[in-house]
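Here the protein sequences come in this chain order: A and B.
So that you can map any letter, position 178 of the first sequence is 172 in the working numbering, and since no number is skipped, the others follow by simple counting.
So that you can map any letter, position 115 of the second sequence is 99 in the working numbering, and since no number is skipped, the others follow by simple counting.
Down below is the structure, laid out as structure tokens.
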Amino acid sequence: MSQKTPLYDEHLAAGARMVEFAGWQLPIRYGSLVEEHRAVRERAGMFDVSHMTVVDIEGPGARDALRRLLANDVDKIRERGQAIYGCMLDENGGIIDDLITYRLDDDFYRMVVNAATRAADLEWIGRQLADFDARISERDDLAMIAVQGPEAVEHVVELLGAPEVAKLKPFRSLVHGDFFVARTGYTGEDGCEIILPNESAAETWRRLRERGVVPCGLGARDSLRLEAGLNLYGQDMDRETTPLESNLAWTVALEPTDRDFIGRAALERQKQAGVPRKLVGLVLSTGGIPRQGARVITDAGDGVVTSGGFGPTVERPVAMARIPAAAGDDVQVELRGRQLPARVVKPPFVRNGKPRAGVLDETPSE
Amino acid sequence: MSDIPSELRFAETHEWAELLEDGVIRVGVSDHAQEQLGDLVFVELPEEGEEITRGEACAVVESVKAASDIYAPVTGEVVSVNESLNDSPETVNSDPYGDGWLFTVKPADENELDELMDADAYGEHVSED
């Protein structure tokens, strides 16, 4: 039996097509995926992300525990409410999950991890943190709504009567009554993620809808994050890949050198030996849309599409692919027996609601 | 509730077929199918002159999220394809029974059309989905 979020009835009332995702009943789209996508790029849309797992880590050993657990360093956090993004690795440097960690107070951190990896994450965190003086609690009493788009912050400010939200820098958060509001998201647009009590979720969702914020499903969430060049766990990265092979070297804090995080030795070995593969963006003209699993032919050997689809804002097929590190920028994607020319570009494909300069020029001709 | 014109015949795989005056059959996807597929962003059509076989994949329609095969509702030779869909595949969503047609086919056996569902039978088929 799959679980229902506190917004389940709201989704049905709005005519959503529901799908099962990571054990949850969630909307894939309400009407047109492309219209939902555009609403986020041009105005404001909202997503029910209550399926995501919120884990609080509290206690005098919390900081040391997280400096061991995460490849990024929570000591980079300078002020209360600030967050870092990064990976939790196994001893081989393989990615167990990617997550955002907020420091709420000196001995109090909050992590938001993927629903699909919830059980494995909780087991791993519990095991690794056993020797630290820190308490782990899963907050299944909390729901989560992401409000995204150029007008998103304005809506949240007015909804909550909280002008301080407008002053939040990216990756900063604040507490407003029972609500936790962070300037984060998964769309490449400005916006907020609101973590709130389950019982407040439906009313908040309805009030955002009354303001004209467009409900968006998992379909638009995926096309938006793909255009924004944001990795999806389980597709673009997993236990078989390291952050260095996943375009996430920037999230690995190798300094200071005396911080012994899990996976460090493996990453240092890989770095020394040479990272064999890279995760890149691909842009195609037309002739078909690359999908996950499609073969990528390069001058340095084969690679594979990890995520692919049509980018409604760039108006062409885009993909992420893992290819040999030595591969050049002109590659081919195999699709239904044909080989389509593709160009390697550095993600993101879209920035501030517009196709990024360079992406359109790089599109190969047919 | 989706629109099901009474003059058309339908395959279980949601293609429609319409017999034109010159004995050629025009093929598209049903309103129900376009709703299920969502916004179409790419259509791959057969070649003119290509022989297609009833029940076999002969075209592909792609939404943002997924690719889906289109199956030939009858056996025959492709006469013409709707080239305008190359530039505006979304026409399949907005006008599935009109400007969003996919291709026409000269049937090897016109009687094959009778083996497809009529509008009432297709309506029942869709309600079981």
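Idealized CB from N, CA, C, for every residue including glycine.
Discussion item. In whole angstroms, give me the CA-to-CA distance for A:Phe41 and A:Arg203.
Written reply: By 1-based counting over the first sequence, the position of residue 41 of chain A is 47. By 1-based counting over the first sequence, the position of residue 203 of chain A is 209. Taking the straight line from one Cα to the other gives about 11 Å.
Worksheet item: Do A:Arg61 and A:Asp69 come within 8 Å of each other at the CB atom, strictly closer than that value?
Response: For this step, residue 69 of chain A is matched to residue 75 along the first sequence. For this step, residue 61 of chain A is matched to residue 67 along the first sequence. The answer is yes: Cβ separation under 8 Å.
Worksheet item: Is A:His45 helix, strand or coil when you go by DSSP?
Response: Counting from one through the first sequence, the residue named residue 45 of chain A turns up at place 51. A:His45 falls in the coil class under three-state DSSP.
Worksheet item: Are the CB atoms of A:Tyr79 and A:Thr245 nearer to each other than 8 Å?
Response: Numbered from 1 along the first sequence, position 85 holds the residue referred to as residue 79 of chain A. Numbered from 1 along the first sequence, position 251 holds the residue referred to as residue 245 of chain A. Result yes, Cβ atoms of A:Tyr79 and A:Thr245 sit closer than 8 Å.
Worksheet item: Given that a residue counts as buried once 16 or more other Cβ atoms are within 10 Å of its Cβ, and exposed if not, what is B:Asp23?
Response: Position 39 of the second sequence holds residue 23 of chain B. Looking at its Cβ environment, which holds 16 or more other Cβ atoms inside 10 Å, B:Asp23 is buried.
Discussion item. So if I threshold CB-CB distances at 8 Å, which residues from the stretch 21 to 45 of chain B count as touching chain A?
Written reply: Gly22, Asp23, Val25, Phe26, Glu28 and Val44
Worksheet item: Any Cβ of chain B within less than 8 Å of the Cβ of A:Gly297?
Response: One-based indexing of the first sequence puts residue 297 of chain A at position 303. Cβ-Cβ to chain B under 8 Å: no for A:Gly297.
Worksheet item: Can you find a CB in chain A that lies within less than 8 Å of the CB of B:Ala1?
Response: Position 17 of the second sequence, counted from the start, is the residue given in the question as residue 1 of chain B. No, B:Ala1 lies away from the interface with chain A (no Cβ there is under 8 Å from its Cβ).
Worksheet item: Considering only residues of the same chain and omitting the five flanking positions on each side of A:Lys272, which have a CB-CB separation below 6 Å?
Response: As a first step, residue 272 of chain A is located in the first sequence; it is residue number 278 there, counting from the start. Cβ neighbours of A:Lys272 beyond the five flanking positions: Ala319.
Worksheet item: By DSSP, does A:Trp244 sit in helix, in strand, or in coil?
Response: Numbered from its first residue, the first sequence carries residue 244 of chain A at position 250. A:Trp244: helix per DSSP, three-state reduction.
Worksheet entry | When A:Phe102, A:Glu239 and A:Asp355 are compared against A:Pro54, the one with the closest alpha-carbon | Counted from its first residue, the first sequence places residue 54 of chain A at position 60. Cα-wise, what sits closest to A:Pro54 is A:Phe102.
Practice prompt. Starting from A:Trp18, follow its DSSP beta bridges and name the residues at the other end.
Written response: The count along the first sequence starts at 1 and reaches residue 18 of chain A at position 24. For A:Trp18, which the question treats as bridged, DSSP gives the partners A:Gln(-3) and A:Phe15.
Worksheet item: Out of A:Val339, A:Ala110, A:Pro164 and A:Asn192, which has the shortest C-alpha to C-alpha gap to A:Gly363?
Response: Since the first residue shown for chain A is -5 and the last is 360, residue 363 of chain A is missing from the structure and cannot be characterised.
Worksheet item: For A:Tyr24 versus A:Ala10, is the C-beta spacing smaller than 8 Å?
Response: Within the first sequence, numbered from 1, the residue matching residue 24 of chain A stands at position 30. Within the first sequence, numbered from 1, the residue matching residue 10 of chain A stands at position 16. Against a cut-off of 8 Å, the Cβ pair of A:Ala10 and A:Tyr24 comes out as a contact.
Worksheet item: Should B:Val11 be flagged as near chain A, meaning a C-beta pair shorter than 8 Å?
Response: Position 27 of the second sequence, counting from 1, holds the residue named residue 11 of chain B. By this cut-off, B:Val11 is not an interface position.
Worksheet item: Taking the runs of the beta strand (DSSP E) that are 3 residues or longer, which of them lie wholly in the stretch 58 to 118 of chain A?
Response: 77 to 83, 89 to 99 and 102 to 107
Worksheet entry | C-alpha gap between A:His31 and A:Arg263, whole angstroms | Against the first sequence, residue 31 of chain A aligns to sequence position 37. Against the first sequence, residue 263 of chain A aligns to sequence position 269. If you take the alpha carbons of A:His31 and A:Arg263, they lie about 41 Å apart.
Fill in: Bridge partner(s) assigned by DSSP for A:Pro335
On the first sequence, position 341 is the one that residue 335 of chain A refers to. Beta-bridge pairing links A:Pro335 to A:Gln326.
Worksheet item: Under 8 Å between the Cβ atoms of B:Val62 and B:Gly33?
Response: Here the question's residue 62 of chain B lines up with position 78 in the second sequence. Here the question's residue 33 of chain B lines up with position 49 in the second sequence. Yes.
Worksheet item: Within this structure, are the beta carbons of B:Pro91 and B:Leu97 separated by less than 8 Å?
Response: Residue mapping note: residue 91 of chain B aligns to position 107 of the second sequence, counting from 1. Residue mapping note: residue 97 of chain B aligns to position 113 of the second sequence, counting from 1. Yes, these two residues count as a Cβ contact at 8 Å.
Practice prompt. Spell out the partners DSSP gives A:Lys348 in its beta bridges.
Written response: Along the first sequence, read from residue 1 onward, the residue named residue 348 of chain A stands at position 354. DSSP output for A:Lys348 lists A:Arg345 as bridge partner(s).
Discussion item. I need the straight-line Cα distance from A:Glu239 to A:Lys161, nearest angstrom please.
Written reply: Translated into positions along the first sequence, residue 239 of chain A becomes position 245. Translated into positions along the first sequence, residue 161 of chain A becomes position 167. The straight-line gap from Cα to Cα measures roughly 35 Å.
Practice prompt. Whole angstroms is fine: what's the gap from B:Val8's alpha carbon to B:Ser72's?
Written response: Position 24 of the second sequence, counted from the start, is the residue given in the question as residue 8 of chain B. Position 88 of the second sequence, counted from the start, is the residue given in the question as residue 72 of chain B. Distance between the alpha carbons of B:Val8 and B:Ser72: 24 Å.
Worksheet item: Just reading off the beta strand (DSSP E) that B:Ser52 is part of, what are its end residues?
Response: Translated into the one-based positions of the second sequence, residue 52 of chain B becomes position 68. Looking at the DSSP string, the run of the beta strand (DSSP E) that includes B:Ser52 is Ala51 to Tyr55.
Discussion item. Going by DSSP in three states, B:Trp85 sits in which element: helix, strand or coil?
Written reply: Indexing the second sequence from 1 puts residue 85 of chain B at position 101. Looking at B:Trp85 - three-state DSSP - the assignment turns out to be coil, as it is neither helix nor strand.
Worksheet item: So the beta strand (DSSP E) B:Leu115 belongs to, where does it begin and stop?
Response: Nothing can be reported for residue 115 of chain B: it is not among the residues displayed for chain B, which extend from -15 to 113.
Worksheet item: Since B:Pro73 sits in a beta bridge, which residues does DSSP pair it with?
Response: Walking along the second sequence from the start, residue 73 of chain B turns up at place 89. DSSP output for B:Pro73 lists no bridge partner at all.
Worksheet item: Hey, how far is the Cα of A:Lys(-2) from the Cα of A:Pro342?
Response: Position 4 of the first sequence, counted from the start, is the residue given in the question as residue -2 of chain A. Position 348 of the first sequence, counted from the start, is the residue given in the question as residue 342 of chain A. Going by the C-alpha atoms only, they are around 33 Å apart.
Practice prompt. Within the same chain, show all residues whose beta-carbon is closer than 6 Å to that of A:Val13, passing over the 5 residues directly before and after it, in chain order.
Written response: Locating residue 13 of chain A in the first sequence gives position 19, where the first residue counts as 1. Cβ within range, chain order: Ile22.
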